[in-house]
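The numbering of the sequence shown is the working numbering, which starts it at 790 and goes up by one. Backbone N, C-alpha and C define an ideal beta-carbon position, used for all residues, glycine too.
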Amino acid sequence: DPACDVDEVCSGASAACPYDQRVPVGAACSDGDDACTSGDVCTAAGVCAGEYTCDCNGDDAVCDTDGDPCTLDTCDASSNACVRDVAAAGTTCDDGDECTLTAAC
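As structure tokens, this is what we get:
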């Protein structure tokens, strides 16, 4: 995730690339286009993530804001809050690449 990755700079003094570094865990970041998250921070996995906080008023479509086919975004009718779960490993999905024959989460 670019929001949680520190840009490395080559000095030119060596052919070796610098070690890949991440922003510290818990550093504030922005996950970009996901309007349903707040309090975005960098995780130990190097991903910018926040608390999922959309009000959905019974409409599952309101919850699908991340564009990730491997998340299951639904509306909890009892709380009118969106719930984001991860699809099971191996779940068939479309990665948007016409050259991929079988994509899976």
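6 Å CB neighbourhood of residue i in its chain, flanking five on each side removed
i      : result
ASP796 : none
THR826 : ASP820, GLY839 and TYR841
Cβ neighbours of residue i in the same chain (closer than 8 Å, five flanking residues each side left out)
i      : result
ALA816 : CYS793, VAL830 and CYS831
GLY828 : GLY839 and GLU840
Option nearest residue i by Cα separation, candidates the options
i      : options                           : result
ARG873 : GLY885, THR880 and ASP857         : ASP857
VAL814 : ASP884, CYS843, ALA833 and VAL798 : ALA833
THR880 : THR863, THR891 and ASP886         : THR891
Between the CA atoms of residue j and residue i - distance to the nearest angstrom
i      : j      : result
ALA893 : CYS845 : 28 Å
ALA866 : ASP849 : 10 Å
Close beta carbons around residue i, own chain, < 7 Å, minus the five adjacent residues each side
i      : result
ASP790 : GLY835, VAL836 and CYS837
VAL875 : CYS859 and THR860
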